[in-house]
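Beneath this line is the structure, given in structure tokens, with notes to follow.
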Amino acid sequence: MIKRIFGITALVVFSGFATAQELAVDNVKVEEAAVAAHDDEEGKPLKLHHAEPLYIDLMRDLGARKGEREWNVAMGVTENNGYYELSPLVEYEWAVADRLGLEVEVPFNIYTSAEKLPHKSPGTGVAGIKTSIQYTFLVNKKAYTSMAIGYLNEIELNSFRNYGNGKFFTGNVYNPFFVVAKGWGKTHSISTMVYAGPVFTHHFGSNHVDTDWQINSSIHYLIPNSRNFVGLEVNKSITKERFNMVLRPQIRVALNDNTILGLVVGVPTNRQYEGYSGFIRLVYEPPHKKH
């Protein structure tokens, strides 16, 4: 069943690259195109249209306006050595002020075929509680570039099978980050982004801190007259001991004015650290309340 999920996800994503133009939804307009044409109306701050990666997404759109918000529900499937990891998550993000976004996320870890490798597979449970803040400090229309800084904090929780056998909170992750995005071409239909920063993981049991540099880059093609895109996200992890990189081709399709579906395939460059994976993200954006 898991392998079928991999196959279906991969087929949809790669088919999307070949037929992306046909996926445009005629009744869905590019919201940001209207923004670009009316940047100064009603005193609204400038906001540029950049493609947001689907696997490691932002806390809010770059240049987000007060009141914008969205719900995300996602599911990841990763093939590991002898078992599969299911990674569902729920997140809510909103702009509390112009260009200032907040996010709360609850990720889960579920492991299958664990009975075959009872001591090798990690324990199922709530992975942690993530809270994030992001501020867009630069929006330059002439260069079609936006920049932001932010901070992500994750409180790590013990697995279900270890409840009562150790600390409920097992660690804390500290992740300051920087984001820069740019649109290219006459219509800015090519969108690139770099999201990077150090990740410090504090293990409460040993009081040890691991350092991991995360560098995530992406390039997307924005399909005209729609909110759809196709692209490639590249997630890189660097430590003293190793370098790991995963290529994630992806496609985003607007189902209606408020709902977006994203499909991702993960292809590792070294299967020693991570196996093949699939990822599905469903985004719901409630109508923006005018102030």
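Take any residue in the sequence shown, note its place counting from 1, add 7, and you have its number in the working numbering. Yeah, the Cβ is synthetic: ideal placement off N, Cα and C, and Gly gets one too.
{"Asked": "Does the segment 104-112 come close enough to the segment 132-151 to have 3 or more Cβ pairs within less than 8 Å?", "Found": "yes"}
{"Asked": "Could you spell out the range, first to last residue, of the beta strand (DSSP E) harbouring Asp219?", "Found": "215-229"}
{"Asked": "Using a 10 Å radius around the Cβ and a threshold of 16 neighbouring Cβ atoms, would you call Tyr62 buried or exposed?", "Found": "buried"}
{"Asked": "Within 10 angstroms of its Cβ, does Val103 collect 16 or more other Cβ (buried), or is it exposed?", "Found": "exposed"}
{"Asked": "Buried or exposed: where does Arg373 fall if 16 or more other Cβ atoms within 10 Å of its Cβ makes it buried?", "Found": "Lying before the first or after the last residue shown, residue 373 is absent from the chain, which here runs from 8 to 298."}
{"Asked": "Note down the Cα distance separating Met154 from Leu65, rounded to an integer number of angstroms.", "Found": "12 Å"}
{"Asked": "Comparing C-alpha positions only, which one of Arg67, His209, Gly190 sits nearest to Leu55?", "Found": "Gly190"}
{"Asked": "Please name the residue, chosen from Met252, Ala134, Phe207, Asn87, that lies closest to Leu164 on a Cα-to-Cα basis.", "Found": "Ala134"}
{"Asked": "Can you tell which of Asn232, Glu77, His215, Gly83 has its C-alpha closest to the C-alpha of His295?", "Found": "Glu77"}
{"Asked": "Starting from His210 and walking both ways along the beta strand (DSSP E), at which residues does that stretch end?", "Found": "197-210"}
{"Asked": "Out of Met82, Gly50, Gly238, state which residue places its alpha-carbon closest to the alpha-carbon of Leu289.", "Found": "Met82"}
{"Asked": "Could you name the residues of the same chain whose beta carbon sits closer than 6 Å to that of Val201, not counting the 5 residues immediately before and after it, in chain order?", "Found": "Val187, Ser224"}
{"Asked": "Could you give the residue range of the beta strand (DSSP E) that holds Met82?", "Found": "76-86"}
{"Asked": "Taking the straight line between their C-alpha atoms, what separation do you get for Ser233 and Pro52?", "Found": "23 Å"}
{"Asked": "Among Gly50, Leu159, Glu86, Glu100, which one has its Cα closest to the Cα of Gly74?", "Found": "Glu100"}
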